[in-house]
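Trainee: Below: one structure in structure tokens.
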Amino acid sequence: MNSDPLVSVIIPAYNAASYIEETIRSITNQTYKNLEIIVVDDGSTDQTSEVVTRFASKVHYCYQPNSGGAAVPRNKGIDYSQGILICFMDADDLMPPDRIRLQVDFLKRHPEVGLVFSDYINFNEKGLFEESHFRSCPKFQKVLNDRDEIVMANSCIYLILENFGITGSLMFRRELLEIVNGFETTLNACEDFHFYYMLARNTKTGIINNIGMLRRFHGDNMTSNSLLMLTEGIASRSMLRKEEKNPRAIKLLDEYIGNCWSSISRLQANQGRYAQAVRDEFRALCSDLSFRRLQTSTKNFIRTFMMTLRLHKERGN
């Protein structure tokens with residue numbers, strides 16, 4: 602690897618005028634300078650383009666009709682990029698100044714590693730949250746064991762268990778795109794997990810125990826849509842399961858899918874759709890034929906039945 606390889610930073614943007622200037626400045630202020638910044642505007646109807654053009658000398662700007670998600674603009678950014686190392690930022694998130702330098706240095710020291718994650722922390726208009734994401738993952742914490750950095754050969758297991766990663770905190774080698782063909786465009790959410798899981802399946806994963814991203818929380822975040830995240834979580838893990846060969850990973854993916862169906866069942870029951878709740882809980886049971894799942898599903902069936910009885914009594918009165 603060259604002493605200072607070109608790093609491509611890809612930013613998908615949709616109606617991001619309120620935040621994207623701060624995001625771009627956090628990248629141009631990096632201590633690592635051999636960067637190309639690519640903004641792919643996914644059909645914005647606000648002033649996103651006007652804000653980005655203020656950085657015309659530092660940012661490549663691409664416009665496309667709205668695709669309905671982040672996968673297509675991220676893939677377009679990949680196609681446009683020239684860097685041998687690639688990372689992503691959402692148009693409302695921020696990078697600490699040493700983020701890219703630390704990740705590039707790590708990949709230089711570890712040629713066997715194809716991607717590297719840094720930690721991240723959430724923030725909103727009131728300030729930073731107290732706990733970083735790595736700290737919220739107890740199983741992953743046992744592996745990390747307070748070390749500054751590690752190399753993992755089995756990171757997929759811990760991604761399923763606790764999803765310690767996020768697209769905005771990773772950097773990967775372009776050569777992996779010969780194996781992983783970009784983001785899955787059939788997914789409207791969870792396409793990020795699907796992408797970096799596929800990367801991790803084909804290489805060792807580096808971990809830097811240092812904050813590399815600040816994730817902004819606000820009402821427009823995709824993660825605020827619970828039902829969408831659950832249904833697309835099922836879709837993404839089901840696709841991954843079809844190609845998975847590791848027996849433990851298959852078992853954990855089945856458990857995850859079952860948990861999602863149970864969560865959807867509870868959402869349906871809470872909204873009075875009891876028949877649909879029963880069908881979704883049955884899907885949970887079919888997805889994960891374990892004793893623990895049988896116990897959970899039985900409790901949920903009883904809960905839904907009792908809610909139905911209570912509704913009939915109320916109507917009878």
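Residue numbering for the sequence shown is 602 to 918, as defined by my numbering.
Just so it is clear, CB atoms sit at the ideal spot from N, CA and C, and this is done for glycine as well.
(1) Cα separation between phenylalanine 735 and asparagine 667?
(2) For a quick check, are the C-beta atoms of phenylalanine 689 and glycine 807 less than 7 Å apart?
(3) Considering only the alpha carbon of each residue, which of Gly859, Ser658, Val610, Asn803 lies closest to isoleucine 687?
(4) Which stretch, first to last residue, makes up the beta strand (DSSP E) that contains glutamine 665?
(5) Quick one: grab the DSSP three-state call for cysteine 738.
(6) Tell me whether the beta-carbon of valine 652 lies closer than 7 Å to the beta-carbon of tyrosine 662.
(7) What is the DSSP secondary structure of aspartate 720, counted as helix, strand or coil?
(8) Among Leu841, Val752, Gln742, Leu815, which one has its Cα closest to the Cα of glutamate 785?
(9) DSSP puts aspartate 642 in a beta bridge; with which residues?
(10) In whole angstroms, give me the CA-to-CA distance for proline 698 and serine 645.
(11) With DSSP run on the structure shown, which of helix, strand or coil describes arginine 959?
(12) Determine whether the beta carbon atoms of asparagine 803 and isoleucine 780 lie at a separation below 7 Å.
(13) Rounding to the nearest angstrom, what Cα-Cα distance links aspartate 647 and leucine 760 in this structure?
(14) Check whether the Cβ of alanine 614 lies closer than 6 Å to any heavy atom of the ligand ADP, and answer yes or no.
(15) I need the DSSP call for serine 609, collapsed to helix, strand or coil.
(16) Enumerate in chain order the residues of its own chain whose CB-to-CB distance from leucine 729 is below 8 Å, with the five nearest sequence positions on each side excluded.
(17) Contact check, isoleucine 809 vs leucine 703 under 8 Å by CB: the rounded distance?
(18) Does lysine 709 come out as helix, strand or coil in the three-state DSSP assignment?
(19) Can you tell me where the alpha helix (DSSP H) holding cysteine 861 begins and where it ends?
(20) Let me check understanding here. Comparing Cα to Cα, which of Ile767, Leu831, Leu788, Thr787 lies closest to leucine 800?
(21) DSSP has isoleucine 809 in a bridge; who is on the other side?
(22) Keeping to the same chain, check which residues put their C-beta closer than 8 Å to that of isoleucine 621; ignore five residues upstream and five downstream.
(23) If you draw a straight line from the alpha carbon of valine 660 to that of asparagine 630, how long is it in whole angstroms?
(24) To which residues of the same chain is serine 832 closer than 6 Å at the C-beta, ignoring the five residues directly before and after it?
(25) Among residues of its own chain, excluding the 5 on either side of arginine 884, which ones have a beta-carbon nearer than 6 Å to its beta-carbon?
(26) Give me the Cβ distance between leucine 829 and asparagine 789, rounded to the nearest whole Å; I'm assuming they're in contact under 8 Å.
(27) Within the same chain, show all residues whose beta-carbon is closer than 8 Å to that of arginine 849, passing over the 5 residues directly before and after it, in chain order.
(28) Taking just the CA atoms, how far does leucine 886 sit from threonine 899?
Mentor: Well, looking at it:
(1) 33 Å
(2) Taking 7 Å as the Cβ cut-off, phenylalanine 689 and glycine 807 do not qualify as a contacting pair.
(3) Val610
(4) Judged by DSSP secondary structure, glutamine 665 falls within the beta strand (DSSP E) whose first and last residues are 660-665.
(5) coil
(6) The Cβ-Cβ distance between valine 652 and tyrosine 662 does not fall below 7 Å.
(7) strand
(8) Leu841
(9) Ala614, Tyr664
(10) 28 Å
(11) One cannot answer for residue 959 here, as it falls past the ends of the chain, which runs 602 to 918.
(12) yes
(13) Cα to Cα, the separation comes out at about 36 Å.
(14) In terms of ligand content, the structure shown is empty, and the ligand ADP therefore cannot be addressed.
(15) strand
(16) Ile722, Asn723, Leu815
(17) 6 Å
(18) helix
(19) 848-871
(20) Leucine 800 has its Cα closest to that of Ile767, out of Ile767, Leu831, Leu788, Thr787.
(21) Ser719, Glu750
(22) Ile612, Ala614, Val640, Thr649, Val652, Val653, Ala692, Asp693
(23) 13 Å
(24) The sequence as given places threonine at residue 832; serine does not occur at that position. Excluding residues within five positions, none has a Cβ falling inside 6 Å.
(25) Trp862
(26) 7 Å
(27) Ile758
(28) 9 Å
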